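These notes are about the structure you will find just below.
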Amino acid sequence: MMLMPRRDFDLFDEDFFRDDFFPGKDKNYNLMKTDIKETEKSYILDIDLPGYNKEDIKIDVTDGYLTINAKTNKEVNEGDKHKFVRRERFTGEVSRSFYVGEDVESDKITASFKNGILSLEVPKVDPEKKLPEKKYVEISD
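Counting the sequence shown from 1 gives a position; our numbering is that position plus 157.
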């Protein structure tokens, strides 16, 4: 008896080609699933990062891009007597970027990490403080 997940094969299913049988495809497509909510004053991102530690997550904003990097390194015990039939736990580094532009206050972003979910609050720039879209220049004589 083989302990392999049952899978109905549908050639039109986008996940069909993400199977281990097709090398080179992105196998991390399930990592860092993100929900983004918008409020009047901010954007709220909830990012799934199960199995990561807070210390292994880095967040930065550069050139209008909010980037989240996370690393995990699960030790593999080579002296283990058991043979793996299938390994699905991820070991390595993942990264995801979101373009936030200049309409957010990047220096006021807050983050929390609880139960494998990274929550970010990205405040919007106050419309009254925002620079005007157009600036007219007078032509002198």
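Positions of the beta carbon are idealized from the N, C-alpha and C atoms, including for glycine. Predicted model only: the values in this text are computed from it and were never measured.
#1: Could you name the residues that DSSP lists as bridge partners for T248?
#2: Give me, in chain order, the residues of the same chain whose beta-carbon lies closer than 7 Å to that of D220; leave out the 5 immediate sequence neighbours on both sides.
#3: Can you tell which of K271, F270, G258 and N272 has its C-alpha closest to the C-alpha of Y280?
#4: For a test of the three-state rule: what should DSSP assign to K190, helix, strand or coil?
#5: Quick check on D264: does DSSP put it in helix, strand or coil?
#6: Closer than 7 Å by C-beta to E285: which residues in its own chain qualify, once you throw out the five before and the five after it? Chain order, please.
#7: Compare the C-alpha of K231 against each of D264, S254, P207 and D283 and name the closest.
#8: Using only CA atoms, which one of D203, E195, S254 and K194 lies nearest to K271?
#9: Got a sec, what are the start and stop residues for the beta strand (DSSP E) D213 sits in?
#10: Checking 9 Å against the spacing of the C-beta atoms, do L277 and L223 come in under that value?
#11: Do T191 and D205 have their C-beta atoms within less than 9 Å of each other?
The answer reads as follows:
#1: Partner(s): none; T248 has no beta bridge.
#2: none
#3: In the sequence on display, residue 280 carries Pro and not Tyr. Closest by alpha carbon: G258.
#4: If DSSP states are grouped into helix, strand and coil, K190 belongs with coil.
#5: helix
#6: none
#7: P207
#8: D203
#9: Careful: D213 lies outside any beta strand (DSSP E) and carries neither H nor E.
#10: In contact: L277 and L223 (Cβ atoms closer than 9 Å).
#11: yes
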